[in-house]
Structures are given as structure tokens and as C-alpha cells.
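Number of protein chains: 2
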Amino acid sequence: MTRWKPDAHGRLMQSAIELFAERGYEATTVAAIAERAGLTRRTFFRYFADKREVLFSGAEQLVTVWLAAVADAPAAAGPLASVTAGFEPLAELFEERLELARLRAQIIAANPELRERELVKLQGLASELERTLLARGVASNAAILAAQAGLTVFHVAFGRWVEQEDPAAFRRLLSESLDELREVTAAAPRSGTQEWAPTREGNR
Amino acid sequence: MTRWKPDAHGRLMQSAIELFAERGYEATTVAAIAERAGLTRRTFFRYFADKREVLFSGAEQLVTVWLAAVADAPAAAGPLASVTAGFEPLAELFEERLELARLRAQIIAANPELRERELVKLQGLASELERTLLARGVASNAAILAAQAGLTVFHVAFGRWVEQEDPAAFRRLLSESLDELREVTAAAPRSGTQEWAPTREGNR
DNA sequence: AGGGTGATGTCATCTAGTGACATAGGTATC
DNA sequence: GATACCTATGTCACTAGATGACATCACCCT
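Here's what the structure looks like:
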């Protein structure tokens, strides 16, 4: 018999998401989250650096999976192909969590403080991808560009995925977004150089 | 005779920067900032939405100047050229404030919370630029891309500018960064599409 | 059995942020 | 020139996020 109910971390996340969905992020206190999880305020802060983090700690798994896939990509793969090599395992990782992902996305979209944190997380992921590419011998500039490009494709596809109903659609959305990126960057109307950069819709 | 010492806003900014530089951001309380400015805590929050904002409110002028320049760019200018049309007035705007800019950059670099806010500000600026381009009739995709590209060029140049000693070097650094961007995006090694995305160095 | 370990609880405290209301110099109105 | 209004600031009270110090106590190991 264990002394405490198992998975305090998970219970806190679960409670937090429920309460955020019920009352909104700001209207939910850490005390309320902890209470629903059968713990105390203090313990919440032992698991999460701050109140926002309870919504983002899941992303660590995403990072792990993606980086591993990039590191394991065929040696012949170019920078962008190495990054997109992560799409398959990522799709698999997410497929069973559409509901949760959607809920989480809605909560984040509704709060500037949370969108702020999400930007930071994305930026952090971009630089991890970049590091991994560098370790594969990709040139510095190409690494930055490929990392950002792949990340944005993922982000766009993710945004579409949570707005529809079919959990299995993720792979298709990823490949569609990638194609769109290619179209945008390929069409150089010979009136100037062609650039590309992350699409991101929600701004304050 | 005025009732209060003039420019409470400016005094608060000044006091804040001094204290952040002396003791660091976290070690400085809002009470201390207000006291040095000869005001109270409550008044600080009447001028700044939160403690972070005291370092970023200056950026509003940057936004104004840049957007105006984009709006006034020659009708024939392409998307990216419209964006970079802001570089000249921006260089002029900053030239006399190297010291301040450097101090501010150091403070921000030293604190995750502040870097977080900076990301948000940059993102906001990107979407304002994008809006302005759209108003000029630029297509949606091109607008996003050009805005992000121009912003990144500016950001990179700014980062280099504050790390050296010549205030007048800003124009040169801007144009060098722009050239670098062109190089990166121009070289399409015919093994895949060529993408581009923002460079940003400082991550947690 | 007994001591150590580690997750949790308890308590105290700091400070960011906000609402309600008071104050008083300056300005406009008659 | 007295009066009423305007407005930037001060005062007070309170909430809640965040953190340090210390206590507790089932479990594990020897």
C-alpha cells in the first residue's frame, strides 16, 4: 500500500485543465487546483514552476520524441527532411489525445498570459531542433531555417487538427501544411528574393 | 507652477532602468522604483500594466515610426522593400540612444521573464507590419513572410548594434543583415525547396 | 527495531497587481 | 473672485502567486 495516491503530477494537470475549462484560467486559483487533486498549494509549486506550466509540462514529451526522430533521420536527409522526419512519430503520439489537445488549445487561446508562454515554448523547441540539426552536421543558417520552417508547419497543422473532429487526420494535415509551405517558398515571382517565416495567428 | 514634477512616466522608466541595472530585475521591487521616482507603487501601475512593461513601453514609438514608413513606401515597392523602408527612420530614431538601448538589452537578456515579454512584443510588431502590408494590397502570404523577414533582419542588426560602440553603425548593420538574409534565401541548392525563418539567439 | 528517506503538509512572508475612495492643486464657469 | 469640477496622485485594503523553513510520517533498508 502506497502512502499517497499515485501520480500527483497527473492529478494536478487533470484538475487544472478541468477547472480552467470550467471557470477560465484567471478565475482558477492554485489552491483550487491543489484541493481538487487532494493536495496543497505548496505541493503544486513543487511540481510546476508556476501556474502556467501546468498546461505545458506535457510538451516535454513532444520535444523528446521530435528530437529523437530528427537525430535518427537517414543521414542522407536534408535539413528540412530531417525535421519533418519527426512528423510520423508525433502524429502517433498525439492521435489518441485529440480531445485533450483541443481543450488545452482553447484554454491557451483564451488567455494572453498563456499565449505568451506558448510562444516561449515554441521558441525553445525551435532552438532544440536547431541544435540537433547542428549535431548532424547541418550548416548553421540552414539549421535555423529548417528548424523554424518545420516547427511552423507542425504548428499550423496542429492548429487545424484541433479544430476538426477526426483524430487520424493529423498526418494528412501535416503533409498538407508542408506542401503549402513548399508552394509559398517555391513561387519566386522574380521580382525579389523569396522569404519564408512562421505563420502565427493569435496576437494580443 | 505645476502641481507635480513633470514626466512621471519618464521618471519611472529611468528609475526602473537604473535599479534593474544596479540590483537586477527580480531584486528590484515596484515600491523601490516608485520611491526613486518620487511616486507611489499604485501610481506605477497607473502608467504600466505590469512591472515588465516599464522596459517595453518605449517600443511603441518604434512601432509607430516603422508602420508609418511602411505605409508611406513607394507604391511600386515590393513587400519586403516596403518593410525595409522603415530602416532609415528607425536608424535615425535609435542612433542617439545606443547607451540606453544597450543597458536595456542587457537587462532583458539577463531575465527569462523579460525575454518572454520581448518575444511577445516582437510577435505583435510582426502582425502590425503584416496588417500594414495587407492594407497596401500585398497578398496575405507575402505579407506574413515579408513582415517576419524584415523584423528578423532588424532584430539581428539591433542585437549586433548594441554589442559594439559606434552609434552610427546601425544603418550599415541593417543593410548587412538584409544582405545576409538574401544570401541565405537565394541559394537554392536544387535538392529541395529553400526556406527562411527568423533568427533569434537568446533562448532559455 | 531503529534510523534514514522523500513526498507531503504547515506556517510565515514577500510582492505583484487591483479596486475603492480620499486629497488637493489647477482650471473653467459664472 | 468664489465655486464647482477635473485629474494626477496618495492611502488603504485585499487577493493570489511564489518561496523558504521546518514538521511529519509511512515506507524502506540494514
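These protein sequence lines are chains A and B, in that order.
Position one of the first sequence corresponds to residue 2 (this note's numbering), numbered consecutively onward.
Position one of the second sequence corresponds to residue 2 (this note's numbering), numbered consecutively onward.
Beta carbons: idealized from backbone N, C-alpha and C, even for Gly.
Residue interval of the alpha helix (DSSP H) (run including residue i)
i	result
A/E36	31-37
A/E61	60-73
A/Y48	42-48
A/L122	Looking at the sequence itself, residue 122 of chain A is Lys, so the reference to Leu does not match. Looking at the DSSP string, the run of the alpha helix (DSSP H) that includes A/K122 is 113-136.
B/V157	141-162
A/Q165	Note, A/Q165: premise wrong, no alpha helix (DSSP H); not H, not E.
A/A106	99-110
B/R12	9-24
B/F88	88-96
A/T85	80-85
Proximity test, residue i beta-carbon vs the ligand SAM heavy atom, cut-off 7 Å
i	result
B/V64	The ligand SAM is not part of the structure shown, which contains no ligands of any sort.
Exposure of residue i, with buried meaning 16 or more beta-carbon neighbours within 10 Å
i	result
B/S141	exposed
A/Q124	buried
A/E164	exposed
B/W197	Any reading at B/W197 must be qualified, since the residue scores a pLDDT of 43, below 50, and its modelled position is unreliable; the value itself is stated next. That one is buried.
A/R201	Residue placement at A/R201 is poorly supported in this model, since its pLDDT is 44, which falls under 50; the coordinates still yield a value, given next. Per the 10 Å Cβ criterion, buried.
B/T41	exposed
B/R205	With a pLDDT of 34 at B/R205, under the threshold of 50, the modelled position of this residue cannot be trusted; read the value that follows with caution. Under this definition B/R205 is an exposed residue.
A/E89	exposed
B/T3	exposed
B/A77	exposed
A/A143	buried
B/A86	buried
B/A136	exposed
A/A147	buried
A/A74	buried
Reference residue i; option with closest CA among the options
i	options	result
B/E100	B/A143, B/A74, B/D167, B/Q62	B/D167
A/L94	A/L146, A/W67, A/S128, A/L120	A/W67
A/R36	A/A76, A/A143, A/A9, A/S176	Strictly speaking, residue 36 of chain A in this sequence is Glu, with Arg absent from that position. The residue with the shortest Cα to Cα distance from A/E36 is A/A9.
B/R98	B/Y48, B/A60, B/T44, B/V139	B/A60
B/A69	B/I145, B/E181, B/R132	B/R132
A/Y247	A/V185, A/G11, A/T65	Look at the range of chain A in this structure, 2 to 205, and you will see that residue 247 of chain A is not part of it.
Under 8 Å between C-beta atoms of residue i and residue j
i	j	result
B/L126	B/V71	no
A/S16	A/A38	yes
B/F155	B/E96	no
A/L20	A/I34	yes
B/G31	B/K52	With the sequence shown as reference, residue 31 of chain B is identified as Val, and Gly is not the correct amino acid for it. Yes.
A/A158	A/L104	no
B/L63	B/L91	yes
A/R1	A/L174	In this structure chain A extends from 2 to 205, so residue 1 of chain A is not present and cannot be described.
A/E119	B/V121	no
B/F45	B/L13	yes
Item to complete: Assess, as a yes-or-no matter, whether the region 80-91 of chain A is touched by the region 133-151 of chain A under the definition of 3 or more beta carbon pairs within less than 8 Å.
Response: Pairwise C-beta distances place the region 133-151 of chain A in contact with the region 80-91 of chain A, as three or more of them are shorter than 8 Å.
Practice prompt. Evaluate the contact criterion for the region 106-114 of chain B versus the region 20-32 of chain B: three or more CB pairs, one atom per stretch, below 8 Å.
Written response: Because the criterion of three Cβ pairs below 8 Å is met, the region 106-114 of chain B and the region 20-32 of chain B touch.
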